[in-house]
Amino acid sequence: MSKRIFFVIFTASMLWLAPSCIRKVGVNDMHYVQERHIAAVVADLVNKHGEAQRQRIERGVRQVAQMWQQQDGPPEAFMDFCTEHFVGDTATLAQITERYERNFESIFGHFAEMGRELRQPLDLDVGPILPIDYLFAEFSPSAHVMEDLFQKRIAFVALLNFPLFSLEERLALGPQWTRQQWAQARLVQTFAARVPAAINQRLSEAYVSADDYINHYNIFMHHVLTEEGERLFPAGMKLISHWNLRDELKAQYANPEGLPRQRMIQRIMERIITQEIPAVVINNPAVDWKPVSNTVAPAAVQDVEGAAPPAKVESTPEPDRRYAHLLKIFQAEREADPYYPTMPTLMDRRFQRDREIPEATVEELFKQVLTSPAVARTARLIEKRLGRPLEPFDIWYNGFKPRSAYSEAELDKIVGKRYPHARAFEEDMPRILQKLGFSAEQARFLSEKITVDPARGPGHAWEPGRRADQAHLRTRIPPTGMNYKGYNIAIHELGHNCEQVFSLNKVDHTLLRGVPNTAFTEAFAFVFQARDLELLGLKQKDPLAEHLRTLDNLWATYEIAGVALVDMRVWHWMYEHPNAKPAELKEATIAIAKEVWNEFYAPVFGQRDQLLLAIYSHMIDAGLYLPDYPLGHIIAFQIEQYLANKNLGQEMERMCRLGSITPEAWMRAAVGAPLSAQPLLEAAERALSVLAP
Numbered sequence: 098m099s100k101r102i103f104f105v106i107f108t109a110s111m112l113w114l115a116p117s118c119i120r121k122v123g124v125n126d127m128h129y130v131q132e133r134h135i136a137a138v139v140a141d142l143v144n145k146h147g148e149a150q151r152q153r154i155e156r157g158v159r160q161v162a163q164m165w166q167q168q169d170g171p172p173e174a175f176m177d178f179c180t181e182h183f184v185g186d187t188a189t190l191a192q193i194t195e196r197y198e199r200n201f202e203s204i205f206g207h208f209a210e211m212g213r214e215l216r217q218p219l220d221l222d223v224g225p226i227l228p229i230d231y232l233f234a235e236f237s238p239s240a241h242v243m244e245d246l247f248q249k250r251i252a253f254v255a256l257l258n259f260p261l262f263s264l265e266e267r268l269a270l271g272p273q274w275t276r277q278q279w280a281q282a283r284l285v286q287t288f289a290a291r292v293p294a295a296i297n298q299r300l301s302e303a304y305v306s307a308d309d310y311i312n313h314y315n316i317f318m319h320h321v322l323t324e325e326g327e328r329l330f331p332a333g334m335k336l337i338s339h340w341n342l343r344d345e346l347k348a349q350y351a352n353p354e355g356l357p358r359q360r361m362i363q364r365i366m367e368r369i370i371t372q373e374i375p376a377v378v379i380n381n382p383a384v385d386w387k388p389v390s391n392t393v394a395p396a397a398v399q400d401v402e403g404a405a406p407p408a409k410v411e412s413t414p415e416p417d418r419r420y421a422h423l424l425k426i427f428q429a430e431r432e433a434d435p436y437y438p439t440m441p442t443l444m445d446r447r448f449q450r451d452r453e454i455p456e457a458t459v460e461e462l463f464k465q466v467l468t469s470p471a472v473a474r475t476a477r478l479i480e481k482r483l484g485r486p487l488e489p490f491d492i493w494y495n496g497f498k499p500r501s502a503y504s505e506a507e508l509d510k511i512v513g514k515r516y517p518h519a520r521a522f523e524e525d526m527p528r529i530l531q532k533l534g535f536s537a538e539q540a541r542f543l544s545e546k547i548t549v550d551p552a553r554g555p556g557h558a559w560e561p562g563r564r565a566d567q568a569h570l571r572t573r574i575p576p577t578g579m580n581y582k583g584y585n586i587a588i589h590e591l592g593h594n595c596e597q598v599f600s601l602n603k604v605d606h607t608l609l610r611g612v613p614n615t616a617f618t619e620a621f622a623f624v625f626q627a628r629d630l631e632l633l634g635l636k637q638k639d640p641l642a643e644h645l646r647t648l649d650n651l652w653a654t655y656e657i658a659g660v661a662l663v664d665m666r667v668w669h670w671m672y673e674h675p676n677a678k679p680a681e682l683k684e685a686t687i688a689i690a691k692e693v694w695n696e697f698y699a700p701v702f703g704q705r706d707q708l709l710l711a712i713y714s715h716m717i718d719a720g721l722y723l724p725d726y727p728l729g730h731i732i733a734f735q736i737e738q739y740l741a742n743k744n745l746g747q748e749m750e751r752m753c754r755l756g757s758i759t760p761e762a763w764m765r766a767a768v769g770a771p772l773s774a775q776p777l778l779e780a781a782e783r784a785l786s787v788l789a790p
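Remember, the numbering used here sits 97 above the position in the sequence shown when you count from 1.
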């Protein structure tokens, strides 16, 4: 997962409006700038700068009027401001753009560093967490910066001089824009909404609280028992939900005796989703738990130092905390909604603003995969390879990967010996990158810009906000050294970090830093992650490897596309039921998960009413993030196809230099084709014709 933090404070502040949209608010909120004031200042500016500038003048003046509040001054002050700060010549506009670019990098880059440092005790495994650490993590140093920029009229200068384009305009006009025009378009988008600082602060608190809840949601697996009292998992194993639980389930495909363990993990996931899991079990190695009967008892064995079993154990279920955190984020986002008149829901903002792909287009893309005949044919091939009918947890089948030839214990031993601590992985990055195809110079440049940290959670890539700052790679590293799960995540996050470094340091305008949306950085992360065994020297020569990799990609996209639809439908449900309680949201989420399962998975699996699609932690702490994963798989496949017989290092740097233009424009420039699921589906049919004729 990538934590994109440059301009993160604009999450609740950015809006891309059609030029005709004027915000309607009450008299206590905004001092009305009347039409006669707008007409007067437009006439004055046209007289001064010429009729040829009329359209641009009128658009800019109306953009300022839209945001001008009573606290900014009377209409006369508005008119004086427009007269003084409108710029008519392109040379001066270019200089103004440069000033914003330089100063924004400093302002928001330093805020990003402060935010990262304030969260460090919660994010990194560097010692005990104190109560004061939560308060600092929830504190947002940048909460007031947007209001300050409006009060100092820095925002109004941008609104006056640069047109604020709607998504439709960007899609239509963007392909003809120069790089500077793109930078100016992204600049003014910064000030497209004016969300009060108090609401920004509550958003920060809601997301930090949910993230902390997820980061400490561990299950001590040696203390998970069968009904007969058997311990199926090794001593000391601590798995975070959902990532490590899912990855352990995947690892068991290489174990001839793995089926009971997979069924046990499925039951654990179901108890988490339904919130029937006893609260005492979470992050606690001092109790034993039988998930099937859902009973707990003091631990009969001690495998974690200091985890003395209590004399008595309460089996009270977790009190719907999972859904309470999601509702808290929803309510915080709802407070911001009125400040986005053309995007009054988070769904609108995520798809129109963040992804720049209409929600209906994204849903149709996912359904193309979910209903593809290739999926059913792949399922039958999986059954043949497993020698049994599919079970619900087989949505995570990974037997097409070469790693299935190695046991988890073998991989843990190899990885632990190579990477006993975070520094060892950091020191090995130049070799890793060169093996991926980067030149020695590129590998050195990237490695010097990336710091590796031990994470409390599953791991993430924290993005720098200034070119002078570092990208941070976080992955979980036990005291015994990195294990395979942590290594696999680290390679994924390294893909994020390399994109972050390239798209900040190598782009021609830092206002364009980054990639079009989160799905694109996930795509690069998937490209790296697919090569994890090769980087350990374990790649097997297999003439069918390309076909197997294609089916693995198809199956992974099939799984996560349904998860994304659940995330999307849950958010729609919350907006339709804004006063829902956690228990009501829980029941709705379960119903939606079953609904999506029955529509797209039951015909393939032959089982109905399964709820595993609701287990993903990102649904709780990341605010409609999950659609980026299937988009990332689809984009990654197109990139992989393009990269065949090409150098990853050279091509990745070239692609990252494109920056954050629209997804469609980026794909055409990067790989010469529009974003589409067809390349994956067509390749899957070819693979099936060979593997399952």
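Heads up, the beta-carbon is just placed ideally off N, CA and C, and yes, glycines get one too.
Fair warning: this is a prediction, and the values are worked out from it, not measured in the lab.
Looking at the backbone, the Cα of Thr618 and that of His557 are separated by about 12 Å. Here DSSP, grouped into helix, strand and coil, assigns Asn742 to coil. When C-alpha distances from Tyr722 are compared across Pro771, Asp451, Ala622 and Ala540, the shortest belongs to Asp451. For the pair Ile586 and Glu432, the CB atoms are not nearer than the 8 Å cut-off. In the structure shown, the three-state DSSP call for Pro331 is coil. By the C-beta density criterion, Arg343 is buried, having at least 16 other C-beta atoms within 10 angstroms. Looking only at Leu483, Val143 and Val472, the smallest Cα-Cα distance to Ala784 is reached by Val472. Contact annotation: the stretch 597 to 616 does not touch the stretch 641 to 658, with fewer than three C-beta pairs closer than 8 Å. Comparing alpha carbon positions, the residue from Gly496, Glu453, Asp222 and Glu202 closest to Glu265 is Glu453. For Pro238, the secondary structure class from DSSP, reduced to helix, strand or coil, is coil. In this structure, Gly562 sits near Phe205, with a CB-CB distance shorter than 8 Å.
When Cβ pairs closer than 8 Å are counted between the two stretches, the stretch 713 to 729 is seen to touch the stretch 332 to 347, the count reaching three or more. Just measuring C-alpha positions, the residue of Glu748, Pro575 and Asp639 sitting nearest Lys514 is Pro575. Of Arg553, Pro555, Gly554 and Glu524, the smallest CA-CA separation from Ala540 is found for Glu524. Fewer than three pairs of CB atoms, one per stretch, sit closer than 8 Å, so the stretch 668 to 676 makes no contact with the stretch 691 to 702. A direct Cα-Cα distance of roughly 47 Å separates Pro438 from Leu487. Distance from the CA of Val410 to the CA of Ala627, rounded to the nearest whole angstrom, comes to 44 Å. DSSP places Val384 within a strand segment (E or B) once states are collapsed to three. By the Cβ-count criterion, Val285 is buried, with 16 or more other Cβ atoms from all chains shown falling within 10 Å of its own Cβ. For Gly720, the closest alpha carbon among the candidates Lys743, Ala770 and Val663 is that of Val663. Contact between the stretch 730 to 739 and the stretch 653 to 661 is present: three or more C-beta pairs spanning the two stretches fall below 8 Å. For Val512, same chain residues with a beta-carbon under 8 Å away, outside a window of 5 residues either side, are Gly578, Met579, Asn580, Tyr581, Gly583, Tyr584 and Leu633 in chain order. Taking the CA atoms as reference points, Gly147 sits about 13 Å from Phe183.
When the alpha-carbon of Glu590 is set against those of Asn602, Glu560, Ser600 and Val377, the nearest one is in Glu560.
Fully enclosed alpha helix (DSSP H) runs of no fewer than 4 residues occupy 505 to 515 and 519 to 533 of the stretch 476 to 533, in order along the chain. Under the 10 Å beta carbon count, Thr458 is surrounded by fewer than 16 other beta carbons and is classified as exposed.
Per DSSP, reduced to three states, the secondary structure at Thr458 is helical.
Sixteen is the threshold: since fewer than 16 other Cβ atoms of the shown chains lie within 10 Å of the Cβ of Ser203, the residue is exposed. Annotated as distal: Gln465 and Ala240, with beta-carbon spacing of 8 Å or more. Short of 7 Å from the beta carbon of Gln567, and not among the five residues preceding or following it, lie these beta carbons of its own chain, in chain order: Lys546, Ile547, Thr548 and Pro561. Straight across, the Cα-Cα distance linking Gln131 with Phe178 is about 15 Å. Val158 and Ala188 have their C-alpha atoms roughly 20 Å apart. In this structure, Gly554 sits near Ile311, with a CB-CB distance shorter than 8 Å. For the pair of segments examined, the stretch 395 to 409 was found not to touch the stretch 420 to 435: the number of CB pairs separated by less than 8 Å stays below three. Asp385 is positioned such that its CB atom lies no closer than 8 Å to that of Val377. Secondary structure at Val139: helix, using DSSP grouped into helix, strand and coil.
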